[in-house]
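Residue numbers (the working numbering), protein chains in the order written: chain L, 1 to 569; chain E, 570 to 1138. Backbone N, C-alpha and C fix where the C-beta goes; we use that ideal spot for every residue, glycine too.
2 protein chains.
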Amino acid sequence: MTGPDNINGISRRERKKKSDLFVCPLGGMGEIGKNLTVFGYGEDYIVIDCGLKFPEEDMLGIDFVIPDATFLVENKSKIRGIFITHGHEDHIGALPFILPRLDVPVYCSRLAGGLIENKMLDANTGYHPDFRYVEACDKVSAGCFEVEFIQMCHSIPDAFALVVHTPAGAIVHSGDFKFDPTPIDGNRADYSALARLGDEGVLLLMSDSTNVERPGSTPSEKMIGQTFERLFRLYKDRRIVVATFSSNLNRTRMIFATAARFNRKVLLVGRSMVANVELALRLGTLDVPEGQMISAQEAEELPDNRVVILTTGSQGEPFSGLVMMSRGTHRQVKLGSKDLVIISATPIPGNEKLVSQTVNRLFACGAEVIYERDEKIHVSGHASRDELMLMLSLTRPRFFVPCHGEYRHLVRHAQLAREMGVNAKNIFILQNGDILKFSGSSKAEVAGHAPADAVLIDGFVLGEFEGSILRERREMAENGVVVVSVVLNGDMRPAAPVQIQTRGSVYSSEDGSTLRELESAVLAALAQFSRSPGARRETLPTEIRKRIREKLDMNPRCYPTIIPLVTYI
Amino acid sequence: MTGPDNINGISRRERKKKSDLFVCPLGGMGEIGKNLTVFGYGEDYIVIDCGLKFPEEDMLGIDFVIPDATFLVENKSKIRGIFITHGHEDHIGALPFILPRLDVPVYCSRLAGGLIENKMLDANTGYHPDFRYVEACDKVSAGCFEVEFIQMCHSIPDAFALVVHTPAGAIVHSGDFKFDPTPIDGNRADYSALARLGDEGVLLLMSDSTNVERPGSTPSEKMIGQTFERLFRLYKDRRIVVATFSSNLNRTRMIFATAARFNRKVLLVGRSMVANVELALRLGTLDVPEGQMISAQEAEELPDNRVVILTTGSQGEPFSGLVMMSRGTHRQVKLGSKDLVIISATPIPGNEKLVSQTVNRLFACGAEVIYERDEKIHVSGHASRDELMLMLSLTRPRFFVPCHGEYRHLVRHAQLAREMGVNAKNIFILQNGDILKFSGSSKAEVAGHAPADAVLIDGFVLGEFEGSILRERREMAENGVVVVSVVLNGDMRPAAPVQIQTRGSVYSSEDGSTLRELESAVLAALAQFSRSPGARRETLPTEIRKRIREKLDMNPRCYPTIIPLVTYI
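The following block contains the structure:
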C-alpha cells in the first residue's frame, strides 16, 4: 500500500484495513438452495450466483425463499457484477427479485442467460438484464478482481467453477460440479486449469458439499445412456414416457439420440421442458434432426413403439406433465397398460412423498414404471467424496470453506479437508451472513455479520414476509378459527344477537349445540363486562377470547384462533 | 354341506352362499399403516390387527388416522376376536378407538398386550381389554376358525404370522416379517411350520410387501451388533448417545449388552423408551443386570466413557429425547464435543426432513454423529425380495394377496408371485374395503365393498373428521383469512363503521391502506345492496365476498378465506 498518510481523515492503516478481502455468503450455507456469495475488496464487490430455495413444509402458502438483499442494496454502488456459475434455479432464481434493485451487469453463459430471461418474463419484472456472455476459459475484469471461468461437469451444460483473482490471492469457487470423465456433450472438467491454479497458489477454495456423504465417485452421465439403451430394447413394443429435469439438457440430448436409434419420435410435454429444449436448440446446445420432434396430434397417430414422450414431473410437482398424466387429467396423454414410464431422477429431499404418490398412481393407471428403486436411471450432478478429494488435491488451498450443503455436509466436508492436510484453523464453517475477512493472505476470521434472514415470497409479492403471518397460518392450519361478532349499545349491552362462525374447526360441525355453548360463553363475557364499570373497551376482545377458550378447554387439544369483532353503536 | 333343504325360508343354496369365506382389508392396502383385515365365514368373523397411520403432510392438525370401523360395528355380534400379529402402532394403535365399540377378546402376546394397555391408558379410554395371551405355536378356536400363531422375525420381539384355518382352507397372513437367520433373541422364524402348511395346502397367502423393491435378503439384526462393537471401541473416550425405536427391544437388548462389555452404564431417555424397557423387564423379554440402568443424576457423576444414553427421537419427532437434546432444551442431557450420537434407524418415508434437521442440529452442538449415510447402523424389520420368494416357496399358496404396502409395492409383489408360478387370475391387488369372496377353494372375486375411508383423529376427539374441515384449514394455511363485520339498521344502511381483521394474510401488514381499500369494497357492496330493494338478506355475505375478492385480485395469487358477519339491529 502506498499513498499519503491521511486522506479525508482516514489514516493509511484505516484504509489498508478497509481494503481487506472479505467473503460473505448471503445464502447457501447450512442449506441447499438460494446460493449467493459476495466478495469484496476495498470499493469493489462482486456477487457469485443469486438463487432461490423451495420452501420448507411448515412455510404454509410460501412459493419460494430468496436471500436477503439488504447488504447488496446498501453497497449497490460498489457491485461490479453478478457472476453466474450455471443456470439452475438455486443459482439464478432470485435474480428477478434482486437484480432490478441492483442494476448491475450479469456475467453468464448464453444458456444461463436464456434461462434467466425466461425467469424474468415469468416474474413479470419488465427488467432487461445487462448480460455479458462468457465461455469456458474467459477472464473478466471487474474492479480490482479478475474472474476466470473454468469448465466443470454438472447436470446442466455450461457449468463453471469461478476463480476470483483478488489482490490478496486467488479464490476458487467450485460452483456445482462433478468430474465426469465421459460427459455426454464432451465438455470435460478442466483438470489442468485447476492444477495450474494449485501450482500458482490458491488462497481459498469454496467447494460444493452436497454429496460429501457418498463414497467413491459419482457415476458418469454416460451410464444412464446404457440403461436407456437396455430399457428401450426390452420394452420395444411399448410407448415410452420419460420424466426428467428439464434443465438437464445433456440427458435430453441422450434421450433424443436413443429415441432416434430405436426409430422413435419425441413428443415434449410440460412448459419448462418445451421452453428449455427450444432455448437449447436456438443456442445450438442441442441438435435435433428435422422431424424428430412431433406434436401431440402426430404422436396420437403413430404406433406406440414409435413414440417417446419426454415430460416434466420427475419430482412429483403438482401441475407437471407426469403428475397430470398419472391423475388422468392430462389433456393430450392418457396412460395405460401399453406404456412404460421411466422416472429418470432421484427425489430431491422433501419431495419423496410426492414422487412416491406419483409412482403409485402411475401403477394404478396400469403402466409399468421404472423408478429410483429399480435401475440405474439417474446420476447425481454433484461430486462424491473421491472427487471432492481430487478437487482439494488439485487446488491445494490455504483456506477452505465448504459450501452448498446442509450443516452436516459442511461438517463432513470440513473433516475431509482436515484429513487432506488443510490446516484446521484455516477451515471455516460459515453461516449465511458471516463476513470472513482475510488479513493479507495468512490470517482470516469472521469479523462481522450481514443481514441474511430468508425472505419468503408468497405469490409474486416482492418484499419480505413477516414471520407473524406464518405463525398465524400455522395456528389456523392446526386448529381452525372461531370468529365472533358482537354489537353493543351505549350502555355496553348487546344490541343484537351474537354472531359466531367457524372455519376448519372441529366445532364447524352441523351440530349447533357447541355453537350455542360458545354463544353463552360470549354472553357471559359481555355480562361480566357490563357489570365492571371501570373496564376499558379494549379489554373486551381479550375477555371474549378467554371465555371461549375456557369452554373449548373441555377438549384439551383444541386451540382454534379466536377472532372477536366488537362494534359499538 | 348337509341339513334340511329349507330353514327359516332360506334355501340350502342360499345358506351355502352365505357361508362363503371372505377376506376384507379395512386398512393396509395401498398404504403402510392402519392394518386391519376382517375374515368371515357364515356367522363368524375375526379381525387381524387394528393399527393406526401417521397423517400425510396435507392433513393439517391431524394427529393420526385409523380405519373406518363401520363394517365391524355393524357386524359386532359376529366378531369372535381380534388377533394381533405384533405390538407396533400400525398394528395395534387403533384399538383404543375401535375396541371399546366392539368389546371382543384380544388374542396377542404378553408384550403386545402390555403395549396395548399403555395405549389404552394414553388415550384415557377407561376400557380394559379382555386379553387372551398366546405364544408361538398356540392354536386358538374362534367360531368356525382355528388361528395358529407362527414365530417370525421382525423389529419387535414376539412377531407372529397367523394361520387362519377356515372351512374353505388355510389362510396364511404373514404379519410383518423377515427371515433373520441369526436373531438377537434366538427366536428364529418357524420355517418348518410354514413348510408343513405348504405341504398340507394353503388356500391364500397374504404377505408383507414393504421391502419388495429391495433385492436380496434383509441383513440380520446381528450385523448391527458388530457395528456397535466397532463404534464403541473407536469412540471409547466419548459419551455415547444411541437413538432407536423404543419398541425394537432386541436392539435395546443388544445395546445393553454392548454397554456392559465396554463397562458403561445406561441412562434411558424418552417416555416410550422408559415405558417399553420397564414392560420388557417385567415380562422377562429383556434381562438387565442389577445396577446397569442408571439415573440422570448418576450419569452426570460418571465419566463420559462410562455412560450410554439410550433415547427416543430416531425419527426426529418434535418432542422426543434426541430432538430436545439437539435443540439444547433437554432438562437432563446437554450435548457437546464430548459426545458421539448414533442414530440407529432409517427415516420412515415422510420423516426424512425431520431426521435431517435433527442431524444438522446435533452437528451444530459439536457432537460427532453417525447416521444412515455412514454405517451399517440399522436394518429393516421387513423381508426383502429373496425372503418374499422364500415365503412363497414354502407356502405355495393357490391364491395370493400382497398386503402391507403402497400400491407400487403391491404391484411389484404381485408380479413376483406371478413369476413364482401363482396363477395370474388368483392374484388380487385389493383396495381397502374390497370384499374378496371365495367360492369353495377354487374361485375368488371381489364381490362387494365395505366402508373403508380413513378416519382422521384430531387430538383425542373420537369420531370422524369431516373432509370439509381439512379443506378449510388448507385454504387458510395457504392464504390466511379476512374477517368482516357489518352492522345494518332496518333500512339496510350501515349503523356503525365496518370492522375488518385479518390473520395470516399478506394484508395483515401494519400499512392500513389495504384495509381501507377493503373497507371501501365492503361499503360498495352495502351501497349496491341497499339500492336493490329485491335483494334477499342471505345474498349480502356473497356480495361482500365478491367485492373483496375483486379488490384482492390485483394480486392474482392472494385468495384468503373471507368470512363476512352481518348483524341487523
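Query                                                                                                                                                                                 : Result
With a threshold of 16 other CB atoms inside 10 Å of the CB of E/Ala914, please say whether the residue is buried or exposed.                                                         : buried
With 9 Å as the limit, tell me which residues of the stretch 1042 to 1059 of chain E have their beta carbon closer than that to any beta carbon of chain L; keep them in chain order. : Arg1042, Arg1043, Glu1044, Met1045, Ala1046, Glu1047, Asn1048, Gly1049, Val1050, Val1052, Val1053, Ser1054, Val1055, Val1056, Asn1058
Look at the alpha carbon of L/Pro100 and the alpha carbon of L/Lys76, and state the distance between them as a whole number of angstroms.                                             : 11 Å
Count the other C-beta atoms from every protein chain shown that fall within 10 angstroms of the C-beta of L/Asp434, then say buried if there are 16 or more, exposed otherwise.      : buried
Is the stretch 711 to 721 of chain E touching the stretch 684 to 698 of chain E in the sense that three or more CB pairs, one from each, lie closer than 8 Å?                         : no
Are the C-beta of L/Ile569 and some C-beta of chain E separated by less than 8 Å?                                                                                                     : yes
Tell me whether L/Phe97 sits in a helix, a strand or coil according to DSSP, three-state version.                                                                                     : helix
Contact defined as beta carbons within less than 8 Å: I believe L/Ala170 pairs with L/Leu194. What is the distance between those atoms, to the nearest angstrom?                      : With a Cβ gap of about 11 Å, L/Ala170 and L/Leu194 do not count as contacting.
What in chain E is Cβ-close to L/Asn360, meaning under 8 Å?                                                                                                                           : Gly599, Glu975, Tyr976, Arg977
So, for L/Thr308: in the same chain, excluding its five sequence neighbours on each side, which residues have a beta-carbon less than 6 Å away from its beta-carbon?                  : According to the sequence provided, residue 308 of chain L is Val. The question's Thr does not apply to it. Same-chain partners within the cutoff: Ile240, Ala259, Arg264, Val266.
Could you check whether L/Val482 and L/Ile500 sit closer than 8 Å to each other, using their CB atoms as the reference points?                                                        : yes
By the 10 Å Cβ neighbour count, where 16 or more other Cβ atoms means buried, how is E/Lys603 classified, buried or exposed?                                                          : buried
Roughly how many whole angstroms lie between the Cα atoms of E/Glu643 and E/Tyr614?                                                                                                   : 12 Å
With 7 Å as the limit, tell me which residues of the stretch 1082 to 1102 of chain E have their beta carbon closer than that to any beta carbon of chain L; keep them in chain order. : none
What's the C-alpha gap between L/Gly201 and E/Leu891?                                                                                                                                 : 44 Å
When the distance is taken between beta carbons, is E/Asp754 closer than 8 Å to E/Asn819?                                                                                             : yes
Mind checking E/Pro750: buried by the 16 CB within 10 Å criterion, or exposed?                                                                                                        : exposed
State the DSSP-derived secondary structure class of L/Gly463, mapped to helix, strand or coil.                                                                                        : In this prediction, L/Gly463 scores a pLDDT of 47, lower than 50, which makes its location untrustworthy; the coordinate-derived value is nonetheless stated afterwards. DSSP places L/Gly463 in coil when its eight states are reduced to three.
Classify L/Asn432: buried if its beta carbon has 16 or more other beta carbons within 10 angstroms, exposed otherwise.                                                                : buried
For E/Gly990, does the three-state DSSP call read helix, strand or coil?                                                                                                              : coil
Could you check which residue in E/Val675, E/Ser1054, E/Ala1065 has the C-alpha nearest to that of L/Asn489?                                                                          : E/Ala1065
Report the rounded CA-to-CA distance for E/Ile996 versus E/Glu988, giving the unit in angstroms.                                                                                      : 12 Å
What does E/Phe932 touch in chain L if you count any residue whose Cβ is under 7 Å from its own?                                                                                      : Tyr407, Arg408, Val411
On a CA-only basis, which of L/Leu95, L/Glu317, L/Leu111 is nearest L/Leu283? Give me that one, please.                                                                               : L/Leu111
For chain L, check one thing: does any of its Cβ atoms lie closer than 8 Å to the Cβ of E/Pro918?                                                                                     : yes
Using a C-beta cutoff of 8 Å, does L/Ser356 count as contacting chain E?                                                                                                              : yes
Given that a residue counts as buried once 16 or more other Cβ atoms are within 10 Å of its Cβ, and exposed if not, what is L/Glu475?                                                 : buried
Whose Cβ in chain E lies nearer than 8 Å to the Cβ of L/Val369?                                                                                                                       : Arg977
Could you tell me if E/Glu1047 is buried or exposed, where buried requires 16 or more neighbouring beta carbons within 10 angstroms of its beta carbon?                               : buried
Does the Cβ-Cβ distance between L/Cys50 and L/Ile98 come in under 8 Å?                                                                                                                : yes
Straight-line CA distance for E/Leu1134 to E/Gln1097?                                                                                                                                 : 17 Å
I need the DSSP call for E/Asp873, collapsed to helix, strand or coil.                                                                                                                : helix
Applying the 10 Å Cβ sphere with the 16-neighbour rule, what's the burial state of E/Ser815?                                                                                          : buried
Pick out the complete alpha helix (DSSP H) segments inside the stretch 250 to 299 of chain L, 4 residues or longer, and give them in chain order.                                     : 271 to 283
With E/Met689 as the anchor, note down where its alpha helix (DSSP H) starts and where it stops.                                                                                      : 679 to 691
Excluding sequence positions up to five away, which residues of its chain have a Cβ less than 7 Å from the Cβ of L/Gly113?                                                            : Phe131, Tyr133
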